[in-house]
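In this text, residue positions in the sequence shown follow this note's numbering: the first is 14, and each later residue adds one.
The beta-carbon is built from N, C-alpha and C at its ideal position, and this holds for glycine as well.
Everything numeric in this text was worked out from a predicted model, so none of it was measured.
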Amino acid sequence: MKLSLLFFAPFALLFSQSLKLYAQFENIDLNNYKLTDFKYKTLSTSLNANNTYGYANATSTNQFNNSNSNLYQNSLGSSGNLGYSSTTYCRKYIGNQNLGLNFNSNFDKSSSNDSFDNFFDNNNFSSKSSSYYSSSNFSLNLNSNNRFYMSNDFFIGINLQSYQSPNHSYSKSKSTSNTSTHTNNLSSSHNYYNSINAITLQFGKGRYEDVTDARLAIYILNDLAKQGRLARTPSQEEVFAFADFITKTLNKRVIDSRIKKIKEYVAVDSFLVSNGLSSKTDGLYFGVINDNWNYGRNQNWETGKAWHIGVSPALNYQNLFYKRIDSSAVSTMRNKLFEYGLGFDAGYSSSWISGLKWTKGYSIRGAFNISKYDSSGHFSEINNHKIITGNANYFITYIPSTRTSITCSSSITFIKQLNKGVNNEMRIIPAISGSCNYYFSEKFRMQINANINYKYNKIYDFTNTSKSINFLLNVTLQYYIF
């Protein structure tokens, strides 16, 4: 009996120590974590080119006639893009910049000649045709979101959006035959330009803290404690320092994803060892780090609150020009559309974390938008419009592990069109939704998505009211027998 006690005593001590370490993490308040400063930039390019060439011949000969056909085809294509992304986070400034340049061009050319000989009446027919098509497309997409913080978390926000896209295409065809002196010529060209531009100016107070990396730090330390690989209980300050280290490690630019993952594991191990947190660095130790590193950031953990008011002027432009030339006439068409927009919006949102498994939050937002159009061509029938929108929602999410999450939310949306005689209607849409991704075991998993909403729509110009209710349920069960 004494021998048995001596044998099991170390394991009982290790188990009780692990439970003690695990309980310590429950006292950490993620709402107190402040995301560390970081910068992340990427610049990438790609080019692609392709070419195809084809030739086909078909002949047929019998006692009545003889025919011969030849077809030549050639296609060239190229595309490329350049992408730039930059994210900056600090206590005085939060910014995200994205720039994308894309182009593609295509060239197609084909020609054919056909002949047909009739042996009875000695009638011969021959024809030739050729066609040519080319197109080029270019787009520039710019998004810049900037928030400048002043004292007491007051901020000024400046967001820019611009999209420019010129497109051009040209086609030409020609055909002749020995039975006619007329040559059929047809050509057409399209030029299209699309421009979308908007700027948003905001003033408000508050900020949201992304505490996902702090939750990842706790996941790693917690699982190391459960497996007996944590040497001591870290303080909340040490846990937050580990979270800062994770953020900086993840935001180091390494192009090769495999090398990046290796460097990240080495960095995490060095941090834990140098701070005296690892008791044993074996396969299980690195397995725990690997598992949480891959799955511990699947859920988004945010805490904070903020309100804002904003104004958003916008200018959009479309221009389409078409020209067609055939053997007898020339026709052209031009369509232009200018859209002038002005929007006002205000909102308040709040999100918080309860313990280490619950996130909750709500938001309220309203907006008023005016759009006016100046158009010509087939765009001339577009009407000016005004619209009021409002939305309120509440959510609660339960996240017991890196592989399991359950979310329930409720919302109500209000839309009022203020276009008397054209589109004067009101819509009210309350909704309740839920989603579940539950990991019961290695073999058994379940996914559930449910949504129910009620739609009330009333049109005032000719007094029409409609009501509808919709329910959606999707359940997926997975069980692996072996």
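Cα-Cα separation, residue i to residue j
i: N466; j: T426; result: 11 Å
i: S139; j: Y66; result: 24 Å
i: S88; j: I275; result: 44 Å
i: I171; j: H321; result: 12 Å
i: Y102; j: S143; result: 59 Å
i: S287; j: G93; result: 46 Å
i: T478; j: Y221; result: 41 Å
i: H181; j: H391; result: 20 Å
i: Y452; j: M163; result: 44 Å
i: V488; j: S422; result: 18 Å
i: S190; j: I209; result: 49 Å
i: G403; j: L112; result: 31 Å
i: N136; j: D130; result: 6 Å
i: N207; j: S389; result: 15 Å
i: A211; j: N159; result: 14 Å
i: P413; j: S367; result: 12 Å
i: L34; j: A244; result: Residue placement at L34 is poorly supported in this model, since its pLDDT is 49, which falls under 50; the coordinates still yield a value, given next. Going by the C-alpha atoms only, they are around 9 Å apart.
i: S157; j: N61; result: 28 Å
i: F495; j: Q240; result: 26 Å
i: F216; j: K261; result: 30 Å
i: D358; j: F167; result: 17 Å
i: L234; j: S148; result: 57 Å
i: N79; j: L95; result: 55 Å
i: F151; j: S175; result: 14 Å
i: I41; j: N396; result: 56 Å
i: S292; j: V281; result: 14 Å
i: N483; j: Q430; result: 23 Å
i: Y106; j: I169; result: 10 Å
i: F253; j: I461; result: 34 Å
Helix, strand or coil at residue i [DSSP, three-state]
i: W306; result: helix
i: N172; result: strand
i: R271; result: helix
i: A342; result: coil
i: K261; result: helix
i: G300; result: helix
i: F120; result: strand
i: Y183; result: strand
i: D387; result: strand
i: S283; result: helix
i: Y278; result: helix
i: N165; result: helix
i: Y361; result: strand
i: T192; result: coil
i: E222; result: strand
i: N288; result: coil
i: Q312; result: coil
i: S125; result: strand
i: Y473; result: coil
i: R104; result: coil
i: Y467; result: strand
i: L369; result: coil
Candidates the options: closest to residue i by CA position
i: S500; options: T489, N470 and G93; result: This structure gives no information on residue 500, because the portion of the chain shown stretches from 14 to 495.
i: Y146; options: G374, S57, L199 and I212; result: L199
i: Q331; options: K293, N204 and R271; result: N204
i: D223; options: N45, I472, A463 and S152; result: N45
i: I383; options: L355, A359, T410 and Y407; result: L355
i: I259; options: F284, D236, A359 and K349; result: F284
i: N437; options: H398, G379 and T196; result: H398
i: S186; options: R440, T100 and T196; result: T196
i: T316; options: D236, S362 and S98; result: S362
i: F116; options: T58, N64, D282 and R347; result: T58
i: A256; options: T225, A319 and I272; result: T225
i: L229; options: Q312, Y85 and T49; result: Q312
i: K141; options: K122, I107 and D127; result: D127
i: R440; options: K370, T345 and I472; result: I472
i: Q86; options: T72, N64 and R104; result: N64
i: F351; options: L328, I272, V301 and L431; result: L328
i: N83; options: A69, F77 and K468; result: A69
i: G300; options: Y278, G360 and P443; result: Y278
i: Y183; options: E39, S454, A380 and I338; result: I338
CB-CB length for residue i against residue j, believed under 8 Å
i: S124; j: S91; result: Their Cβ separation, rounded to whole angstroms, is 22 Å, which puts S124 and S91 out of contact at 8 Å.
i: P247; j: L290; result: 6 Å
i: G309; j: T415; result: 5 Å
i: L486; j: M459; result: Incorrect: roughly 13 Å between the Cβ atoms, too far for contact.
i: W306; j: L43; result: Not really, about 19 Å apart at Cβ, beyond 8 Å.
i: K336; j: S193; result: That belief does not hold up - the Cβ atoms of K336 and S193 are roughly 26 Å apart, past 8 Å.
i: T213; j: S325; result: 4 Å
Proximity test, Cβ basis, 8 Å: residue i and chain B
i: Q177; result: Annotation note: the requested chain B is absent from the structure, which comprises a single protein chain.
request  = Counting only runs of 3+ residues fully inside the stretch 39 to 100, write out the beta strand (DSSP E) ranges in chain order.
outcome  = Listed in chain order, the complete beta strand (DSSP E) runs (minimum 3 residues) inside the stretch 39 to 100 are 51 to 74.
query = What are the complete alpha helix (DSSP H) segments, minimum 4 residues, inside the stretch 225 to 257?
reply = Fully enclosed alpha helix (DSSP H) runs of 4 or longer: 225 to 239.
ask   = At which residue ranges does the stretch 399 to 444 contain complete alpha helix (DSSP H) runs of 4 or more residues, listed in the order of the chain?
value = Those alpha helix (DSSP H) runs which fall completely within the stretch 399 to 444 and span 4+ residues do not exist here.
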